[in-house]
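Read through the structure below, which is laid out as structure tokens, and then see the notes.
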Amino acid sequence: MNPAAFPHLLNRRSALRALASTALASQAAATAWAQAASQAEWSQSYDGVANLRVTRNTVPLLSEQTVHATEQAIEKYRTLAATGYVQVPAGQYRVGSRGPGVTALRRRLAQDGDLTAEAAGESDVFDSFVEAGVRRFQQRHGLNPVGVANNLTLHALNVPAETRLRQLEVNLVRLRTLASGGQPQRYIATNIPAAQIETVENGVVQTHHQAVVGKPDRQSPILTTRIPEINFHPYWTTPASIIRKDLIPKMRTEPNYLTENRIRIFNGQGQEVPATAVNWNSPDDALKYRFRQDPGDFNSMGTVRINVPSPHGVYMHDTNSKGLFGDDARFHSSGCIRVQNVRDYVAWILKNTPGMTREKVEELFRGGQRVDVKVADPVQLYWVYITAWGAPDGVTQFREDIYNKDGLGKVPMAALQGVTAND
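Numbering (the numbering used here) for the sequence shown: 3 to 425.
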């Protein structure tokens with residue numbers, strides 16, 4: 003669900019953040035990006051960048067293996083909490099930087115194992131070893147692995163070790179609960195604070211997808227449901243919350259906004275009415291009408307909607323603003339969840355539905371026609387809230403407690419969303 007409802011209301015600075023971060027990537031990353039872009043479903047390069055950041059672990063988040071790995075991580079972080087982390091002074095650290103701040107950065111990276119003790123040393127020079135350590139740290143914390151210790155990275159580096167330990171302990175309880183009942187053969191897990199989605203079959207992750215989830219004041223809910231239907235080239239009916247918070251203020255300053263974005267207005271009898279029929283100075287009057295955007299590339303849901311039955315009125319969908327998938331903090335929506343590389347996602351959901359071959363799915367995407375497809379085996383779907391976990395490969399992952407559900411009182415990354423990656 004689009005928080006600003008339409009393209010003109012999107013935060014363009016987020017796209018610039020993704021571009022700025024990418025410019026700092028290594029030549030190897032740039033090559034991988036180019037290859038991903040040439041093969042990606044979308045012409046934008048942002049999906050390729052996002053792909054580089056996704057952890058390609060085949061062990062599901064909601065598994066006994068993850069529970070066990072998290073238990074092991076807790077033992078490690080108990081030791082770290084007893085000694086405390088080295089604090090890294092404010093600044094901008096990149097290859098070529100030098101000074102006491104770089105020495106502190108080296109020591110801090112070594113504490114978590116992102117830099118070996120031998121490589122850390124006591125040098126005050128930011129060299130290629132430090133750059134590799136920063137990239138590894140950034141990947142573990144869901145940040146663009148640009149290899150530069152920017153403000154967002156320093157924010158994560160300076161979270162106390164005691165807080166990281168408490169995060170792991172809180173999330174171990176959640177993971178145990180989710181893994182204890184076992185999972186069906188096929189399911190999808192969406193981790194809200196990580197803004198990531200994984201499809202799972204027979205205990206193995208099949209596909210990974212970046213996501214854009216709800217803002218702190220319009221949160222994506224925790225839920226368990228099934229996906230019964232896929233809507234290709236859907237209409238988009240504006241929710242009351244977006245009418246009130248976004249559409250009405252926009253119409254007061256841009257009277258042609260609805261027409262330009264192909265949004266039609268219908269009264270209670272289903273008759274289309276002109277925008278002049280609505281009293282835009284009265285929120286109650288506007289809420290009497292139904293606002294519906296025509297299908298098309300301009301549609302706020304993009305080319306497809308994934309039906310998510312729940313009492314919350316949310317769903318998953320494509321987007322016409324794919325640049326947001328390259329953001330560090332992908333908390334931009336009004337509660338619904340946007341899916342990166344949605345064609346792979348939909349094809350996986352429909353793989354057991356008769357007639358829905360990959361070729362047929364691609365045909366439906368290209369066709370532009372409004373088509374609803376029932377899923378033959380409705381797939382189990384979980385929207386979960388996990389901010390810290392251990393992986394069987396020994397890597398410990400952390401994400402910001404964006405909705406403050408861990409109860410640890412740490413300022414969420416949302417406070418830094420207005421800061422560019424290189425500020």
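Think of the CB as a built atom: it goes at the ideal place given N, C-alpha and C, for glycine as much as any other residue.
With 16 other Cβ atoms within 10 Å as the buried cut-off, status of residue i
{"i": "residue 403", "result": "buried"}
{"i": "residue 284", "result": "exposed"}
{"i": "residue 298", "result": "exposed"}
{"i": "residue 179", "result": "exposed"}
{"i": "residue 166", "result": "buried"}
{"i": "residue 222", "result": "buried"}
{"i": "residue 173", "result": "buried"}
{"i": "residue 262", "result": "exposed"}
{"i": "residue 65", "result": "buried"}
{"i": "residue 175", "result": "exposed"}
{"i": "residue 2", "result": "This structure cannot speak to residue 2, because the chain is shown only from 3 to 425."}
{"i": "residue 196", "result": "buried"}
{"i": "residue 241", "result": "buried"}
{"i": "residue 120", "result": "exposed"}
{"i": "residue 368", "result": "exposed"}
{"i": "residue 184", "result": "exposed"}
DSSP state of residue i mapped onto helix, strand, coil
{"i": "residue 219", "result": "coil"}
{"i": "residue 133", "result": "helix"}
{"i": "residue 318", "result": "strand"}
{"i": "residue 197", "result": "coil"}
{"i": "residue 182", "result": "helix"}
{"i": "residue 411", "result": "coil"}
{"i": "residue 243", "result": "helix"}
{"i": "residue 425", "result": "Bear in mind that a pLDDT of 28 at residue 425, under 50, signals an unreliable position, so the number given afterwards is only what the model happens to contain. The answer is coil: DSSP assigns residue 425 none of H, G, I, E or B."}
{"i": "residue 268", "result": "strand"}
{"i": "residue 403", "result": "coil"}
According to DSSP, residues forming a beta bridge with residue i
{"i": "residue 306", "result": "234"}
{"i": "residue 228", "result": "382"}
{"i": "residue 398", "result": "392"}
{"i": "residue 168", "result": "In the DSSP output, where bridge partners are listed per residue, residue 168 has none listed."}
{"i": "residue 151", "result": "95"}
Among the options, nearest to residue i - alpha-carbon criterion
{"i": "residue 126", "options": "105, 136, 362, 141", "result": "105"}
{"i": "residue 75", "options": "119, 61, 244, 171", "result": "171"}
{"i": "residue 371", "options": "237, 358, 389, 351", "result": "237"}
{"i": "residue 293", "options": "195, 243, 191", "result": "243"}
{"i": "residue 96", "options": "82, 148, 86", "result": "148"}
{"i": "residue 62", "options": "287, 155, 343, 177", "result": "177"}
{"i": "residue 315", "options": "122, 396, 227", "result": "227"}
{"i": "residue 79", "options": "123, 392, 101", "result": "392"}
{"i": "residue 377", "options": "169, 102, 308", "result": "308"}
{"i": "residue 206", "options": "407, 60, 346, 408", "result": "60"}
{"i": "residue 342", "options": "304, 364, 93", "result": "304"}
Heavy atom of the ligand FMN within 8 Å of residue i beta-carbon
{"i": "residue 236", "result": "No copy of the ligand FMN appears in this structure; indeed no ligand is present at all."}
Quiz prompt | the stretch 210-229 touching the stretch 335-348, judged by at least three CB pairs closer than 8 Å | solution = Touching, per the Cβ criterion.
Exercise. Decide yes or no for the touch test of the stretch 380-389 against the stretch 179-196: beta carbon pairs closer than 8 Å, at least 3 of them.
Key: yes
Quiz item: Is the stretch 248-258 touching the stretch 269-284 in the sense that three or more CB pairs, one from each, lie closer than 8 Å?
Solution: yes
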